[in-house]
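Chemist: Top to bottom, those sequences are chains A and B.
Read left to right, the first sequence gives residues 10 to 434 (our numbering).
Read left to right, the second sequence gives residues 10 to 434 (our numbering).
First the structure, then my questions, so here it is.
There are 2 protein chains.
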Amino acid sequence: MAAGNGLLHRRAFLAGGGTLAAAFTGYALSDTAAAQQLTDDSWSRGRGALIPEYASPSAFEKGVARTLSNPRGEPRTQHARTPHHLLNGTFTPNGLHFVISHSGAPDIDPATHRLVIHGLVRRPLVFSLDAITRYPLVSRMHFVECGGNSAPMFSNEPVQAGVQAIHGLVSCAEWTGVMLSTLLDEAGIDPGATWIIAEGSDSMALSRSVPIAKALDDAMVAIYQNGERLMPGNGYPMRLVLPGWEGNMQVKWLRRLELVDQPAMSYYEARTYAQVLPDGTAYQFYFLQDVKSFITHPSPGLRLNGPGFYEISGLAYSAGGRIAKVMVTADGGKSWAEAALQEPVHAKAFARFRIPWRWDGSPVVLQSRAWDEAGHVQPTRAEVVARRGQTKAPVTNLAAFPSQHYNGPTSWAVETDGNVRHVYA
Amino acid sequence: MAAGNGLLHRRAFLAGGGTLAAAFTGYALSDTAAAQQLTDDSWSRGRGALIPEYASPSAFEKGVARTLSNPRGEPRTQHARTPHHLLNGTFTPNGLHFVISHSGAPDIDPATHRLVIHGLVRRPLVFSLDAITRYPLVSRMHFVECGGNSAPMFSNEPVQAGVQAIHGLVSCAEWTGVMLSTLLDEAGIDPGATWIIAEGSDSMALSRSVPIAKALDDAMVAIYQNGERLMPGNGYPMRLVLPGWEGNMQVKWLRRLELVDQPAMSYYEARTYAQVLPDGTAYQFYFLQDVKSFITHPSPGLRLNGPGFYEISGLAYSAGGRIAKVMVTADGGKSWAEAALQEPVHAKAFARFRIPWRWDGSPVVLQSRAWDEAGHVQPTRAEVVARRGQTKAPVTNLAAFPSQHYNGPTSWAVETDGNVRHVYA
Chain A
10 MAAGNGLLHR RAFLAGGGTL AAAFTGYALS DTAAAQQLTD DSWSRGRGAL
60 IPEYASPSAF EKGVARTLSN PRGEPRTQHA RTPHHLLNGT FTPNGLHFVI
110 SHSGAPDIDP ATHRLVIHGL VRRPLVFSLD AITRYPLVSR MHFVECGGNS
160 APMFSNEPVQ AGVQAIHGLV SCAEWTGVML STLLDEAGID PGATWIIAEG
210 SDSMALSRSV PIAKALDDAM VAIYQNGERL MPGNGYPMRL VLPGWEGNMQ
260 VKWLRRLELV DQPAMSYYEA RTYAQVLPDG TAYQFYFLQD VKSFITHPSP
310 GLRLNGPGFY EISGLAYSAG GRIAKVMVTA DGGKSWAEAA LQEPVHAKAF
360 ARFRIPWRWD GSPVVLQSRA WDEAGHVQPT RAEVVARRGQ TKAPVTNLAA
410 FPSQHYNGPT SWAVETDGNV RHVYA
Chain B
10 MAAGNGLLHR RAFLAGGGTL AAAFTGYALS DTAAAQQLTD DSWSRGRGAL
60 IPEYASPSAF EKGVARTLSN PRGEPRTQHA RTPHHLLNGT FTPNGLHFVI
110 SHSGAPDIDP ATHRLVIHGL VRRPLVFSLD AITRYPLVSR MHFVECGGNS
160 APMFSNEPVQ AGVQAIHGLV SCAEWTGVML STLLDEAGID PGATWIIAEG
210 SDSMALSRSV PIAKALDDAM VAIYQNGERL MPGNGYPMRL VLPGWEGNMQ
260 VKWLRRLELV DQPAMSYYEA RTYAQVLPDG TAYQFYFLQD VKSFITHPSP
310 GLRLNGPGFY EISGLAYSAG GRIAKVMVTA DGGKSWAEAA LQEPVHAKAF
360 ARFRIPWRWD GSPVVLQSRA WDEAGHVQPT RAEVVARRGQ TKAPVTNLAA
410 FPSQHYNGPT SWAVETDGNV RHVYA
């Protein structure tokens, strides 16, 4: 209640009544004449468009798109980043779920695609998609995040970019599929099996080693994403979902699970995701996407239209389970107020936090910080870079960059003209 | 546990272990040679497709589409029905949310669209979309159902159709927007106001009267649907959401809310949704979409591929709040077993129910029945038609048809060849 720079109690609006309401007025274009004499706009004067078999967003929303790092699909990695500042709610619509693909999206015929389980099993099995859909299904809301999401935060100077460029490699969806434990139970696990090599049917056959304990815990073979079949870039017709773990391990276009007694030391686990830390150790086999949050509204690109009331809103998530608390500051960390979490909060999924705020028009610095139900706290940026290093701006050599698993906070400075920019605070 | 025709305990799979697992095998195409020598399919031998700015389903999913009653957009109502038998999970993806539109989808420019609140208020207000997004937002998972959904169930003989044709006019989404009570609080409600006339900016200016108590309870002005802006057919850029109430009242393309002291007796409330009942009274101002359920898997069009294990799965929902229980029968109602509900169960939203079932290949009749947390029970079909009448097949005169608010059960007969057809049982 006592937080500075206009943060209001998260339940202020629920209290109802006139006291607060009086403070919120002024955003309506109050005009009695207009209210009484509402004119027909052009779209009200004739029949509208045909309702199609499959809906797409309005043409007025064409700017609500993923940004592409490789829009011509040249023979290198493609990144498609989610525009979190243009979305709201608690998960990511399928059209805008982030994608990283190293060799495009394979055009897989689901009728002939097969999933093989072999290696240290009692009985190797081959599954068609039809066979998999006969098993009991579960639906779980989970985020997927690239280990390299938020990498620009390792720069020693704040990169002038917004939430899509900095944090666009995380999304959240309801995944429906078969528990991996069900399929492994069918195959029969040899007691010597400790890892599973998961392989995709993309042309690079991306593979990662997954500890068998995770496979038996909450891993899924997902076949539906937000109610419909997986999007092509998200692994159609089936992918591994490892809730809370590094996105790269959640192998898309899944075709093979080989049970083995040691990790494969495949490309990504041996190189990209085994970054050397300042103390000389390698950051290898660290799979968790730790507790994290960032403010989506306001954020760069969303200009505030004058002083007054706004809602500060953002996303928080953790491999540690449910988000328990998000604190927000409007004075660069001097005072904090607790945000409201949109219920129900799912484990290892986005939690949408919101807090009412009255901006007085002076320069302020906004930041959020999250806690999960296991007690993990989002570290400060200083804590993250002390342990893992930072890099000198401008960033040119991405390979040398500390780039993985940044989970510190993000600070947005609101300037007197209402523009929002990225700062370190 | 004792239910007939192969229904298993809903938690059978969670028990784990080999006993049940042994019974589930046989769906994998078990072939050791194939497992060891997985060949590269064509899509694994070259680069895949470009990742686009906005994702669409695989071309192999083109059959997963809404069925259109008026595919050329002739000057009459268009219906687009959701293919529930081809979806899974707990809500409807935006591409496939059902639509009924009487004059197409207006192509509204969100920058110039206005929402007016006037009539019995202290101060008439005009809101731009930008103004509305400054207020505190909430995200709620809610179903929307046409009052005429499931109308074919009033036929005195079972219409030979599947779940899309019979029940395709209901969908569920996460709606994010402003509580209507917040906006009304801004305008100031005159004590004499008892109804609100809500009007759309489609060319017919569809309008409905909403009791003010509902407006102050859980009504929303929604601007996001499953995380992104509303689809054009679902009311872009803003619509009324009246959780659990008749879809027709949840005015799309919302442009006006007039507070009044009596209902407007507009077209739909005076005619379509005021059907005369057998006892001579009119079914007017009955707004609730009562507790209901239907099985989506298996259902007509989804042929069972031989005896063995399957999951029976479906959807349940109620204006009365959360679904508390769904019972399933595999012997036409002689014995019942309780299905598992996918957690978390949201109020006035789809609940996905699931129960494992071992089919022995003999003819069976499947049916579901739902209860909500307020104690409402889904009535039998006999109870519904006793109160509201039925019509003689084939149905030709839709206007004379009892067609509104059917919420009885649906029975699917599984034949020995694995085909599924609609029966009354």
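Each residue gets a CB set at the ideal place from its N, CA and C atoms; glycine is no exception.
How about valine 250 of chain B and histidine 176 of chain B: are their beta carbons less than 9 angstroms apart?
Modeler: Not a contact, by the Cβ cut-off of 9 angstroms.
Chemist: At 7 angstroms on the CB atoms, spell out the chain A contacts of serine 210 of chain B, in chain order.
Modeler: Residues of chain A passing the Cβ test: Asp50, Trp52 and Ser53.
Chemist: If you count every other CB in all the chains shown that lies within 10 Å of the CB of alanine 68 of chain B, and 16 or more means buried, which is it?
Modeler: Classification for alanine 68 of chain B: exposed.
Chemist: Leaving out the 5 sequence neighbours to the left and right, which residues in its chain are closer than 8 angstroms to arginine 131 of chain B when beta-carbon positions are compared?
Modeler: Ala196, Gly197, Ile198 and Asp199.
Chemist: Please report whether the beta-carbon of serine 148 of chain A lies at a distance below 9 angstroms from any beta-carbon of chain B.
Modeler: True, the Cβ-Cβ gap to chain B drops below 9 angstroms.
Chemist: Quick check: what's the CA-CA separation for lysine 71 of chain A versus tyrosine 295 of chain A?
Modeler: About 38 angstroms.
Chemist: May I ask you to report which of helix, strand or coil DSSP gives aspartate 426 of chain A?
Modeler: Residue state, collapsed to three classes: coil.
Chemist: Helix or strand or just coil, what does DSSP make of glycine 26 of chain A?
Modeler: With a pLDDT of only 41 at glycine 26 of chain A, under 50, the local geometry of the prediction cannot be trusted, and the value read off the model is given with reservation. If DSSP states are grouped into helix, strand and coil, glycine 26 of chain A belongs with coil.
Chemist: Can you pull the chain A neighbours of histidine 106 of chain B, defined as C-beta to C-beta under 9 angstroms?
Modeler: Within 9 angstroms Cβ-Cβ: Ala64.
Chemist: Residues in the same chain with beta-carbon distance under 6 angstroms from arginine 265 of chain A, minus the five sequence neighbours each way, listed in chain order, please.
Modeler: The residues are Val125 and Glu208.
Chemist: Closer than 9 angstroms by beta-carbon distance: list the chain B residues that pair up with leucine 77 of chain A, in chain order.
Modeler: Going along chain B in sequence order, the residues near leucine 77 of chain A (Cβ under 9 angstroms) are Leu59, Ile60, Pro61 and Glu62.
Chemist: Between which two residues does the beta strand (DSSP E) harbouring alanine 231 of chain B extend?
Modeler: Alanine 231 of chain B -> beta strand (DSSP E) spans 229-234.
Chemist: On the CB-based measure, 16 or more other CB atoms within 10 Å of its CB, does serine 148 of chain A come out buried or exposed?
Modeler: Serine 148 of chain A should be labelled buried.
Chemist: Should valine 219 of chain B and serine 180 of chain B be called a contact, given that it needs their Cβ atoms to be closer than 9 angstroms?
Modeler: No. Outside cutoff.
Chemist: Could you tell me the alpha carbon to alpha carbon distance between valine 300 of chain B and arginine 378 of chain B, rounded to whole angstroms?
Modeler: If you take the alpha carbons of valine 300 of chain B and arginine 378 of chain B, they lie about 9 angstroms apart.
Chemist: Check whether chain A comes within 9 angstroms of glycine 236 of chain B, counting only Cβ atoms and requiring the distance to be less than that.
Modeler: Yes, because at least one Cβ of chain A sits closer than 9 angstroms to the Cβ of glycine 236 of chain B.
Chemist: Which bits of chain A does alanine 214 of chain B rub up against, with CB to CB less than 9 angstroms?
Modeler: Under the 9 angstroms cutoff, chain A gives Asp49 and Ser53.
Chemist: Ends of the beta strand (DSSP E) at isoleucine 205 of chain A?
Modeler: 204-209 is the span of the beta strand (DSSP E), which, as asked, contains isoleucine 205 of chain A.
Chemist: Straight-line CA distance for leucine 239 of chain B to isoleucine 232 of chain B?
Modeler: Rounded to the nearest angstrom, the two C-alpha atoms are 6 angstroms apart.
Chemist: Can you tell me whether DSSP reads threonine 2 of chain B as helix, strand or coil?
Modeler: Because chain B is modelled from 10 through 434, residue 2 of chain B falls outside the range shown and cannot be assessed.
Chemist: Taking Cβ positions, are valine 337 of chain B and leucine 375 of chain B nearer each other than 9 angstroms?
Modeler: Against a cut-off of 9 angstroms, the Cβ pair of leucine 375 of chain B and valine 337 of chain B comes out as a contact.
Chemist: Examine chain A for any beta-carbon lying closer than 9 angstroms to the beta-carbon of aspartate 369 of chain B, and answer yes or no.
Modeler: Chain A, which has no Cβ nearer than 9 angstroms to the Cβ of aspartate 369 of chain B, makes this no.
Chemist: Would you identify the three-state DSSP class for aspartate 437 of chain A, choosing helix, strand or coil?
Modeler: For chain A, the structure presents residues 10 to 434; residue 437 of chain A sits outside this window and is missing.
Chemist: What are the boundary residues of the beta strand (DSSP E) that includes valine 125 of chain A?
Modeler: Its beta strand (DSSP E) spans residues 123-128.
Chemist: Let me make sure I understand the geometry here. Which of A:Val404, A:Glu424 and A:Arg430 has the alpha-carbon closest to that of proline 161 of chain A?
Modeler: Among A:Val404, A:Glu424 and A:Arg430, the Cα nearest to that of proline 161 of chain A belongs to A:Val404.
Chemist: At 4 residues or longer, what runs of the alpha helix (DSSP H) sit wholly inside the stretch 149-184 of chain A?
Modeler: Complete alpha helix (DSSP H) runs here, min 4: 172-176.
Chemist: Suppose you measure from the CA of lysine 357 of chain B to the CA of glycine 253 of chain B; what does that come to, to the nearest Å?
Modeler: Their backbone Cα atoms lie some 5 angstroms apart in a straight line.
Chemist: Look at serine 371 of chain B and threonine 419 of chain B and say whether their C-beta atoms are less than 9 angstroms apart.
Modeler: For serine 371 of chain B and threonine 419 of chain B, no; Cβs fall outside 9 angstroms.
Chemist: Give me the residue from A:Gln234, A:Leu268, A:Trp184 and A:Val354 with the minimum Cα distance to leucine 225 of chain A.
Modeler: For the residues A:Gln234, A:Leu268, A:Trp184 and A:Val354, the minimum Cα distance to leucine 225 of chain A belongs to A:Leu268.
Chemist: Name the chain A residues whose beta carbon is nearer than 7 angstroms to that of alanine 74 of chain B?
Modeler: Result: Glu62 and Tyr63.
Chemist: Quick check on tyrosine 276 of chain B - is its C-beta less than 9 angstroms from some C-beta in chain A?
Modeler: Not closer than 9 angstroms to any Cβ of chain A, the Cβ of tyrosine 276 of chain B fails to qualify, so no.
Chemist: Is the beta carbon of tyrosine 144 of chain A closer than 9 angstroms to that of threonine 76 of chain A?
Modeler: Against a cut-off of 9 angstroms, the Cβ pair of tyrosine 144 of chain A and threonine 76 of chain A comes out as no contact.
Chemist: Below 6 angstroms CB to CB, which residues in the same chain sit around asparagine 428 of chain A once its five sequence neighbours on both sides are set aside?
Modeler: Counting only Cβ-Cβ distances below 6 angstroms, and skipping sequence neighbours, we find Arg312.
Chemist: Between tyrosine 326 of chain A and chain B, is the shortest Cβ-Cβ distance under 9 angstroms, so that the two count as touching?
Modeler: So, not an interface residue.
Chemist: Going by CA-CA distance only, name the one from B:Glu382, B:Arg361 and B:Asn235 that's closest to histidine 333 of chain B.
Modeler: Checking the sequence shown, residue 333 of chain B turns out to be alanine, not histidine. Comparing Cα-Cα distances from alanine 333 of chain B to each of B:Glu382, B:Arg361 and B:Asn235, the minimum goes to B:Glu382.
Chemist: State buried or exposed for asparagine 165 of chain B, treating a residue as buried only when at least 16 other CB atoms are found within 10 Å of its CB.
Modeler: So asparagine 165 of chain B counts as exposed.
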